[in-house]
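Below is one structure, written out as structure tokens; the observations come after it.
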Amino acid sequence: MSSQPIVPAVPAQPAQPAADVIHDIGFRHYEGERFGRGWVVRSLLVDTLRGVFGLGRPARAKVMPWILVGILLAPPLVVALVAVLTGASKLPISYTQYLTQLQLPIALFVAGAAPYAVSRDLRYGVMPLYLSRPMIRTDYVWARYGGVAIAVFLVTAGPQTLLLIGALLAKMPVGDQIAGWLGGLLASVLLAVLLATIGLVIAAFTPRRGLGVAAIITTLLVVSGISLALSGIAQTQGSHTWAVLAGVLDPNRLVDGMAAKLLGVDPAIAEFAPTTGGEVAVYALAYVVLVAGAGALLLRRYRKAGRL
Amino acid sequence: MEPAQMAGAAGGAAATLPSVSAPATPPGPAIATRKVTKTFGHVTALSNLTVEMPAGIVGLVGANGAGKSTLIKILLGLLPPTSGEATILGMDAATQGLAIRRIVGYMPESDCLPPDVSATELVVHLARMSGLPGAAARERAADTLRHVGLYEERYRPIGGYSTGMKQRVKLAQALVHDPRLVLLDEPTNGLDPAGRDEMLDLIRRVGNDFGISVLVTSHLLGELERIADHIVVIEGGVLQRSTSTAEATALSGVMVVEVTDRGPEVVARLRAVGAAVDAADDGGNLFTLTQADEAVLDAVAAVAADLGVGLVRMQRRRHHLTEMFREGAA
């Protein structure tokens, strides 16, 4: 009422000793642990990895990744079953060949994962909320990148492991199979690193998620087609070397070519596989240039887009 | 009765903020800049800015492009000043960015909320990004969203929120890790008058009840002087004013009094006891006391009771900072 304004501001009483005071409703301060940058980055990486598989997201976000995981796991299951039943002494396809055989579902998986990881934050301006926290710009990029790369590795390494289990159940030579499987995992790592980089660069430049998905699928399929067509043309022109080198354009052939030569296993496309040391060196160089170039582009994109 | 109630309320508010848990405020100003200049090519965003801002609620006022956001980015350690130095909570903004961002919250001016997640999901995630473990992040996200006034709707995707609700989510994510200081960039932007008032009330609570220092920017001095303890005005990257609002309003001990009846008589009686009264000649029931100390206020009550007139209002006239700055500029 009228007397209210003339009441001099009463200084807040210092709190009573906490013994018999009920603390409620008011804002509570946080006295617990605050983790540092390493934990924050790991946390973001794990979140990204989970999110790629739709974990912690609505049901419809789980559909695509798990259908693709199913598609990738089905052939090894069949192969394993057949091998056990027929008592085959050798797997019908090698562990590294498997990656090339199923490049389409793998490409689709990357096309779903990369835009999920980066497009939304760029499109809706979420970056300032990350950058105002105890991390730096490149931490964000590395965490998102790590999450996607590990996810791609898992969906490729999983089926290979299933192949191994089938091979061991069919009593194939253990040493050979484990060596082949480890080689397959190495190829999976190389492929995951490359595909994640390419996927994220494309996604980071197409902030609309749908467009990003389409752009990644298109890019991966088109380069694969172009690469194969160029190889075919070069072969008919009588230039085997160029037919081999055209393989560097396709991430799958690039990794497969290096892995096959390095591990001494059958390449996916034998006629265009690198055989000489020089050709493998070109493949390796192309790999490094692609990963480093795309990675640099990605970081540069975030230097611009990540502004507050 | 009212003083007792008020004291009770103040005591209650204090009890929820036990002094043991309140983070120790470092001595000295919460934010200090010394000759900070920031240029982008030919554009000078901040020019030789030296200012100290105390703990509590500080309003940073300036037109669009005055350099407010640039200053905030420098304080967060995200933008190196071209020259000069800035400290926040005693830490050097240029070199201790990570440590600063652990205990400082930031509410951006721009739209920054993804539409496809719920407020809860987003705020939990961002709490973890501030370094809080999972369980604490969930607990604090729920608490903080409740404090900013988001209840059931916090489980729905943000895409369907009103502007006011979105601003609350933005505020919640700045508070969720219990910062010692929050930087709020134009929090009332885009809000209707009612939403504006609610947001200002919320900010006042953050500063006064939650015990978190606040630096809040706006291009409207009028709204910040209502809640801020201290006002800093910048224009074109140059400091115009840095004033404590308490000091400014303490200067005016002027009290407006209105009685139901017999105004001139009341004025005459008050003058008789030596009060400085400024009354209009028309003999209305409205007059002002230019030196309204305790004795004078008692006299008003006594005279009113004696003459049997009612007091319609007794109100301290607050000096509007807007006027003061206008005078200063003129």
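Line order of the protein sequences matches chains A and B. Under the numbering used here, the first residue of the first sequence is numbered 1, with each subsequent residue one higher. Under the numbering used here, the first residue of the second sequence is numbered 1001, with each subsequent residue one higher. Heads up, the beta-carbon is just placed ideally off N, CA and C, and yes, glycines get one too.
So residue i is in the beta strand (DSSP E); what residue range does that whole segment cover?
i, result
"D47(A)", "Run containing D47(A): none in the beta strand (DSSP E); it sits in the alpha helix (DSSP H), R37 to V52."
"L1289(B)", "L1286 to L1289"
"L1215(B)", "S1213 to S1218"
"E1258(B)", "M1255 to V1259"
"S1242(B)", "V1238 to S1244"
"A1275(B)", "Where A1275(B) is concerned, there is no enclosing beta strand (DSSP E), given that its DSSP letter is neither H nor E."
"H1230(B)", "H1230 to E1235"
"R28(A)", "Segment: none, R28(A) is in no beta strand (DSSP E) and carries neither H nor E."
In terms of residues, what are the limits of the alpha helix (DSSP H) holding residue i?
i, result
"T314(A)", "There is no way to answer for residue 314(A), as the model of chain A reaches only from 1 to 308."
"V148(A)", "R137 to L169"
"Q101(A)", "Y95 to Q101"
"F205(A)", "V174 to F205"
"A1268(B)", "G1263 to A1272"
"D1143(B)", "G1134 to H1147"
"H1125(B)", "A1119 to M1129"
"A83(A)", "A59 to T86"
"V1300(B)", "E1294 to L1307"
"E1225(B)", "L1221 to I1227"
"L131(A)", "M127 to L131"
Any heavy atom of the ligand ADP inside 8 Å of the beta-carbon of residue i?
i, result
"M1314(B)", "Summarising the ligand content, the structure contains no ligands, and the ligand ADP is consequently not present."
Is it buried or exposed, residue i, if we count other Cβ atoms within 10 angstroms and call 16 or more buried?
i, result
"H1042(B)", "exposed"
"K171(A)", "exposed"
"R28(A)", "buried"
"R144(A)", "buried"
"A1330(B)", "For A1330(B), the predicted structure reports a pLDDT of 41, less than 50, and the residue's modelled location is therefore unreliable. A value from the coordinates is still provided. The residue is exposed, with fewer than 16 neighbouring Cβ atoms inside 10 Å."
"N1064(B)", "exposed"
"Y130(A)", "buried"
"I22(A)", "Any reading at I22(A) must be qualified, since the residue scores a pLDDT of 48, below 50, and its modelled position is unreliable; the value itself is stated next. By the 10 Å Cβ count, I22(A) comes out exposed."
"E1152(B)", "exposed"
"D1293(B)", "exposed"
"V289(A)", "exposed"
"A1259(B)", "The sequence given here has Val at residue 1259(B), not Ala. It is buried - the Cβ of V1259(B) has at least 16 other Cβ atoms within 10 Å."
"P173(A)", "exposed"
"Q1291(B)", "exposed"
"E1225(B)", "buried"
"P274(A)", "buried"
"K1068(B)", "buried"
"K1170(B)", "buried"
"P65(A)", "buried"
"S132(A)", "buried"
"I233(A)", "exposed"
"A1024(B)", "At A1024(B) the pLDDT is 49, less than 50, meaning the model places this residue with poor confidence; the figure from the coordinates comes in the next sentence. Exposed."
Three or more beta-carbon pairs under 8 Å between the region 50-63 of chain A and the region 118-133 of chain A, yes or no? No, the region 50-63 of chain A does not touch the region 118-133 of chain A.
Between the region 86-102 of chain A and the region 260-269 of chain A, do at least 3 Cβ pairs fall closer than 8 Å? Note that the region 86-102 of chain A touches the region 260-269 of chain A; at least 3 beta-carbon pairs, one per stretch, sit closer than 8 Å.
Positions along the region 1124-1150 of chain B whose CB lies within less than 8 Å of some CB in chain A: Listed in sequence order: H1125, L1126, R1128, M1129, S1130, G1131, L1132, P1133, A1136, R1140, D1143 and H1147.
Taking 8 Å as the threshold, find out whether the region 1298-1309 of chain B comes into contact with the region 1269-1278 of chain B through three or more Cβ pairs. The region 1298-1309 of chain B is in contact with the region 1269-1278 of chain B.
Residues of the region 1075-1096 of chain B with Cβ closer than 7 Å to any Cβ of chain A, in chain order: Taking 7 Å as the Cβ-Cβ cut-off against chain A, the residues of the region 1075-1096 of chain B that qualify are L1076 and L1078.
Sufficient close CB pairs (3 or more, under 8 Å) joining the region 110-120 of chain A to the region 202-216 of chain A: Verdict: yes, contact present.
Which runs of the alpha helix (DSSP H) spanning at least 4 residues fall entirely within the region 1065-1110 of chain B, listed in chain order? Within the region 1065-1110 of chain B, the complete alpha helix (DSSP H) runs of at least 4 residues are 1068-1075 and 1097-1103.
Scan the region 121-132 of chain A for residues whose Cβ lies nearer than 9 Å to a Cβ of chain B and list them as they occur along the chain. For the region 121-132 of chain A, the set of residues with a beta-carbon nearer than 9 Å to any beta-carbon of chain B comprises D121, R123, Y124, G125, V126, M127, P128, L129, Y130, L131 and S132, in chain order.
Going along the region 1095-1114 of chain B in order, which residues come within less than 7 Å of chain A, judged by CB to CB distance? In summary, the residues of the region 1095-1114 of chain B whose CB is separated from some CB of chain A by less than 7 Å are L1098, R1101, R1102, Y1106, P1108, S1110, D1111, C1112, L1113 and P1114, in the order they occur in the chain.
Stretch-stretch touch, CB-based, cutoff 8 Å, three pairs: the region 1100-1113 of chain B with the region 1169-1181 of chain B: Three or more Cβ pairs drawn from the region 1100-1113 of chain B and the region 1169-1181 of chain B lie within less than 8 Å of each other, which places the two stretches in contact.
Just by C-beta distance, which residues in the region 144-164 of chain A are closer than 8 Å to chain B? Of all residues in the region 144-164 of chain A, none has a Cβ within less than 8 Å of some Cβ in chain B.
Which ranges would you report for the alpha helix (DSSP H) in the region 219-275 of chain A if only whole runs of at least 4 residues count? If we require 4 residues or more, the alpha helix (DSSP H) runs fully inside the region 219-275 of chain A come out as 240-245 and 251-263.
Note down, one range per segment and in chain order, each alpha helix (DSSP H) of at least 4 residues found wholly within the region 1152-1194 of chain B. Counting only runs of at least 4 residues, the region 1152-1194 of chain B fully encloses the following alpha helix (DSSP H) elements, listed from N- to C-terminal order: 1163-1175.
Would you list, in chain order, the members of the region 20-53 of chain A that have their beta-carbon closer than 9 Å to a beta-carbon of chain B? Within the region 20-53 of chain A, the residues whose Cβ lies closer than 9 Å to some Cβ of chain B are V21, I22, H23, D24, I25, G26, F27, R28, H29, Y30, E31, G32, E33, R34, F35, G36, R37, W39, V40, S43, L44 and D47, listed in chain order.
Taking the runs of the beta strand (DSSP E) that are 3 residues or longer, which of them lie wholly in the region 1023-1059 of chain B? Whole beta strand (DSSP E) segments, 3+ residues: 1031-1040 and 1043-1053.
Give me the subset of the region 1179-1210 of chain B whose CB atoms are less than 7 Å from a CB atom of chain D, sorted by chain position. Considering every chain present, this structure includes no chain D. Its protein chains are A and B.
At least three beta-carbon pairs within less than 8 Å, the region 1069-1077 of chain B to the region 1086-1102 of chain B: The region 1069-1077 of chain B makes contact with the region 1086-1102 of chain B; the number of CB pairs closer than 8 Å reaches 3 or more.
Spell out a yes or no on whether the region 192-202 of chain A and the region 142-159 of chain A are touching, meaning 3 or more CB-CB pairs, one atom from each, closer than 8 Å. With the cut-off at 8 Å, the region 192-202 of chain A and the region 142-159 of chain A touch.
Would you be able to state if there are at least three C-beta pairs under 8 Å between the region 178-185 of chain A and the region 73-82 of chain A? With a cut-off of 8 Å, the region 178-185 of chain A and the region 73-82 of chain A do not count as touching, because too few Cβ pairs lie within range.
Looking at chain B, which residues of the region 94-122 of chain A have a Cβ within less than 9 Å of any of its Cβ atoms? Cβ contacts with chain B come from R120 and D121.
Do the region 38-46 of chain A and the region 1122-1136 of chain B touch if we need at least three Cβ pairs shorter than 8 Å? For the pair of segments examined, the region 38-46 of chain A was found to touch the region 1122-1136 of chain B: the number of CB pairs separated by less than 8 Å reaches three.
Near-chain B residues of the region 174-208 of chain A (beta-carbon distance less than 9 Å), N- to C-terminal order: Residues passing the 9 Å Cβ filter: none.
Which residues, in order along the region 1164-1176 of chain B, keep a beta-carbon less than 7 Å from a beta-carbon of chain A? Listed by position along the chain: Q1173.
With a cut-off of 8 Å, do at least 3 Cβ pairs link the region 1032-1048 of chain B to the region 1236-1244 of chain B? Short answer: they touch.
Could you please tell me which residues of the region 57-81 of chain A, in chain order, have their CB closer than 7 Å to any CB of chain B? Within the region 57-81 of chain A, no residue places its CB atom closer than 7 Å to a CB of chain B.
Would you be able to state if there are at least three C-beta pairs under 8 Å between the region 1111-1126 of chain B and the region 1078-1093 of chain B? Flag = no, the region 1078-1093 of chain B and the region 1111-1126 of chain B do not touch.
So, do the region 1205-1221 of chain B and the region 1182-1194 of chain B have three or more beta carbon pairs nearer to each other than 8 Å? Of all C-beta pairs linking the region 1205-1221 of chain B to the region 1182-1194 of chain B, three or more are shorter than 8 Å, placing the two stretches in contact.
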